[in-house]
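S.K.: Residues 1018 to 1563 (my numbering) are what the sequence shown spells out, left to right.
The beta-carbon is built from N, C-alpha and C at its ideal position, and this holds for glycine as well.
Here you go, one structure.
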Amino acid sequence: MPNQGRYFGRKGILLAATLVMGSVALASTEHPAVPGEYVVKLKSDKATHLPLSQLSKIMGGEVVRHISKQSNTVLLKRETLERADYVISNVSENPLVEYAEPNYIYTIDAVPNDPKLSELWGLINSGQADSSGSQGVATMDVDAERAWDISTGSKNIVVAVIDTGVGYNIAELAPNMWKNTAELNGTPGVDDDNNGFVDDIYGYDFANKDGDPMDDHGHGSHTSGTIGAKGNDGQGLVGVAWDVSIMGVKFLTAQGGGSLDDAIASIDYATQMGANIMSNSWGGGGYSRALEESIQRANDAGIIFIAAAGNSSMNNDVNPTYPATYNVDNVLSVAAVDNQGQLAGFSNYGKTTVDVGAPGVNVLSTTPTGYQSWSGTSMATPHVSGVAALLLSHEALTPVQLKERLIATAKPIGGLRGKTVAGMTNAYHALTNTTPPPDQEDPFNWAQESYQLSSPHPYTDNFSQSWTVTVPGATKIAVYFLKFDTERGYDKVTFKDAAGNVVGVWSGARDETFSPSVDGDTMVITMTSDGSVSKYGFDIEAVAYR
C-alpha cells in the first residue's frame, strides 16, 4: 500500500494522535486503526434506537454516532490505553452486540509521479512514451478508440467515486457530475429529499460530515478524470466514458487517509442514492466484517464494487488486501500495468484473487491544480470503472454478469500471466462480448529452452554485475524468472538489447514471470543494489525466443 497519505485521527487532534500511536500496536491486528475507536454492530433495530447516552453507559465508553441507517453499527470511543483485544472481547460479550472491531485506517492507493503532460496511453497506446520517457508497446491499452465507435457512455449510469472527493468545478468533470436535484433545487441548510443528509448536491463528505465532497487532495479528481472526463468538448482530456454521472463520496482526508466507520457510511450512501458502480482506489485496513457487509448490501442492490489490488508488490492470494480481496460476488480487483504490458513493480497480484489488470503507471488525469501524471493501482481501477460504465450504458447486466464479462473479455498479456485471473481490461471486447486473440508478444507463446542463471543469494550491498543471454539466430528473446525479489525502488535489474537500449527496469517481487523482451538474439541483464537491505535476488530457469 502507498505511503503518500497517513490518517492521524479526527480533525484538530494531529498531535494527540501522534502521541498515542503506540496504542495501535496493542490491537489484536497488525493493521493500523484509530486509537481508542471501535465499530460496533448491534443485534437489533431496537438496540439501534436506544439513545446514544444509554448505549454509552452500556458499552463503557462514548458512543459517538450511528455510522449508517443500513448497517446497525455505531462508533464507540474507549480509553486509548486499553488493549484493543480486551475492548473487543469485553464489548462483544454484551447481549446487545453482534460484534466489535477496530476502526481501521485506509489510505489511497496512488504513487504520485512526475506531473508532466503525456499522452493518454492507457486509452490509446500507439507505442508512444509516457511522462517518464518510457517507450510503450502498441495496443497495451483498454482499446478505447474502437469501443467509442460503439458507445461513449450515458448520463444514466452513476459511478460513485469513493475517495478524497471530486473537484466538481474542474472543466472536464463539471459536465459529468451527478446531481441530487432535490437538494440542488431545494433550500440551503435543509434536508430536502429526507435522505438524512443536508445539501448533498454532488455527493457527501463523510470525512468532515458535510454536504460538500470537494476534493482537497487531488486523488479523487484524478481517478474521476480517468473514469469520465467529458469527451469531444475541446478540453484537454477525455475519460474512458465520455458521458457518465460521477457521484462524489468523500471519506479520505486531505492527507489521503480515512477510517472504517466513514468507509462504511460512504458505501451505504452510494447504495442509498442509486449508484450503478463504485470505484474504490483505497485500502489498507485489516479484515472487517462490517465493511464486508456494506459491500454485500451494495451487491444486493445491483452495484459492482471495483477495487484497487494494492501497491505493496504482494501476492493477495497469500496476504489478502482489503477491500479488494473480500469474497463478495460484486468485488472486482484490479492490478496495475505499465505501457509495455508489464505488471507494475509496485502492484499487488494474485492468480485467484486479483481479477484483471489496467493501465496504472504514469497515467495523466485531472486534479484541482491541473493535469498530473500519477501511478498506482488507484490509477488502474478507474480505467476498469470507466469500461464498466460503457458496458452498462450498452446493456443491462447484474454485478455478477458485469464482472464475468470484464474477466472473460480481458486481453491476455504476458505480463499478467499467472499473476491475475485474466488479462488487461478491454473495452471493445467487453462491449462486443468477444474473446481477444492470443497475445503474439507474450513469450509464453514462443519456443522455449531451459536456461539456468542466478544472482547471488542473497546479493550483497553495493552489488553490481551484468550477464549476457544469447540465442543465436533469434529475432526476439525474453527470460523466465522462477524467483525475483529485490528491494523495491532501490535494488534494480535492467534489461538491454545488444545495442545498449534499455527495454525495462525491475525491482520488487516478480516471481514466475517473463522479463521484458528485446529485439535480436542478445539480452544484457544488469543488477545493481544500494548500500542496505539485501534480498534474495533472482533465478532464471528458461529463455523464450522466436
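Within the continuous alpha helix (DSSP H) that includes Met-1396, where are the two ends?
M.R.: Locating residue 1396 in the sequence shown gives position 379, counting from the first residue. 1394-1411 is the extent of the alpha helix (DSSP H) around Met-1396.
S.K.: For Leu-1419, tell me which candidate among Val-1351, Asn-1347, Tyr-1468 has the shortest Cα-Cα distance.
M.R.: Position 402 of the sequence shown, counting from 1, holds the residue named residue 1419. The candidate whose alpha carbon is nearest that of Leu-1419 is Asn-1347.
S.K.: Using the C-alpha atoms, what's the distance from Val-1351 back to Ala-1140?
M.R.: Residue numbering aside, residue 1140 sits at position 123 when the sequence shown is read from its first letter. Residue numbering aside, residue 1351 sits at position 334 when the sequence shown is read from its first letter. It should be pointed out that residue 1140 corresponds to Leu in this sequence rather than to Ala. Going from the Cα of Leu-1140 to the Cα of Val-1351 covers about 16 Å.
S.K.: Can you tell me whether DSSP reads Gln-1418 as helix, strand or coil?
M.R.: Start at 1 with the first residue of the sequence shown, and residue 1418 comes out as number 401. Looking at Gln-1418 - three-state DSSP - the assignment turns out to be helix.
S.K.: From this set, Glu-1458, Gly-1432, Ala-1280, Asp-1478, which residue's C-alpha is nearest Thr-1530's C-alpha?
M.R.: Numbered from its first residue, the sequence shown carries residue 1530 at position 513. Out of Glu-1458, Gly-1432, Ala-1280, Asp-1478, Gly-1432 has the C-alpha closest to the C-alpha of Thr-1530.
S.K.: So, does the CB of Gly-1251 fall closer than 8 Å to a CB anywhere in chain B?
M.R.: Given the protein chain composition of this structure (a single chain), no chain B is represented.
S.K.: Does the region 1512-1525 come within contact of the region 1336-1344, defined as at least 3 CB pairs closer than 8 Å?
M.R.: No, they do not touch.
S.K.: Could you please give the first and the last residue of the uninterrupted beta strand (DSSP E) stretch that includes Val-1255?
M.R.: The residue labelled residue 1255 in the question sits at position 238 within the sequence shown. Val-1255 -> no beta strand (DSSP E), and no H or E assigned at all.
S.K.: Here's a check: name, in chain order, each residue in its chain whose Cβ is nearer than 7 Å to the Cβ of Gly-1302, leaving out the five neighbours to either side.
M.R.: Indexing the sequence shown from 1 puts residue 1302 at position 285. Here the set comprises His-1048, Tyr-1121, Ile-1122, Tyr-1123, Leu-1277, Tyr-1339.
S.K.: Could you spell out the range, first to last residue, of the alpha helix (DSSP H) harbouring Ser-1311?
M.R.: Along the sequence shown, read from residue 1 onward, the residue named residue 1311 stands at position 294. From DSSP, the alpha helix (DSSP H) with Ser-1311 extends over 1306-1317.
S.K.: Between which two residues does the alpha helix (DSSP H) holding Gly-1170 run?
M.R.: To locate residue 1170, count along the sequence shown from 1; it is residue 153. Taken as a continuous stretch (DSSP letters only), Gly-1170 belongs to no alpha helix (DSSP H), being part of the beta strand (DSSP E) at 1170-1180.
S.K.: For the beta strand (DSSP E) containing Gln-1469, name the first residue and the last one.
M.R.: In the sequence shown, counting from the first residue as 1, residue 1469 sits at position 452. That run of the beta strand (DSSP E) goes 1464-1471.
S.K.: For Met-1076, name the three-state secondary structure that DSSP assigns.
M.R.: To locate residue 1076, count along the sequence shown from 1; it is residue 59. Note: Met-1076 maps to helix in three-state DSSP.
S.K.: State the start and end residues of the unbroken alpha helix (DSSP H) segment that holds Lys-1063.
M.R.: Position 46 of the sequence shown, counting from 1, holds the residue named residue 1063. First-last of the alpha helix (DSSP H) with Lys-1063: 1062-1065.
S.K.: Using only the alpha-carbon positions, how far apart do Gln-1482 and Ser-1472 sit?
M.R.: Walking along the sequence shown from the start, residue 1482 turns up at place 465. Walking along the sequence shown from the start, residue 1472 turns up at place 455. So the two alpha carbons sit approximately 9 Å from each other.
S.K.: Within the continuous beta strand (DSSP E) that includes Asp-1502, where are the two ends?
M.R.: For the purposes of this step, residue 1502 is identified with residue 485 of the sequence shown, where counting begins at 1. 1493-1502 is the span of the beta strand (DSSP E), which, as asked, contains Asp-1502.
S.K.: Among the residues of its own chain, which have a CB less than 8 Å from the CB of Asp-1547, if the five just before and after it don't count?
M.R.: Residue mapping note: residue 1547 aligns to position 530 of the sequence shown, counting from 1. Result list for Asp-1547: Asp-1478, Asn-1479, Glu-1504, Tyr-1507, Asp-1508, in chain order.
S.K.: Go ahead and label Asn-1344 buried or exposed: buried means 16 or more other beta carbons lie within 10 angstroms of its beta carbon, across all protein chains shown.
M.R.: Reading the sequence shown from its first residue, position 327 is the one you call residue 1344. Flag for Asn-1344 reads exposed.
S.K.: Would the region 1095-1112 count as touching the region 1244-1259 if we require 3 or more Cβ pairs under 8 Å?
M.R.: The region 1095-1112, when compared against the region 1244-1259, does not touch it at the 8 Å Cβ threshold.
S.K.: For a quick check, are the C-beta atoms of Ile-1494 and Met-1544 less than 8 Å apart?
M.R.: Along the sequence shown, one-based indexing puts residue 1494 at 477. Along the sequence shown, one-based indexing puts residue 1544 at 527. Contact: no.
S.K.: Verify whether the separation of the beta carbon atoms of Thr-1415 and Gly-1319 is less than 8 Å.
M.R.: If you number the sequence shown from 1, residue 1415 lands on position 398. If you number the sequence shown from 1, residue 1319 lands on position 302. Yes, these two residues count as a Cβ contact at 8 Å.
S.K.: Mapping the DSSP letters down to three states, classify Thr-1511 as helix, strand or coil.
M.R.: As a first step, residue 1511 must be located in the sequence shown, where it is residue number 494. Here Thr-1511 sits in strand by DSSP.
S.K.: Determine, using beta-carbon pairs with one atom in the region 1170-1190 and one in the region 1199-1213, whether at least three such pairs fall under 8 Å.
M.R.: Cβ pair count under 8 Å is below three, so no.
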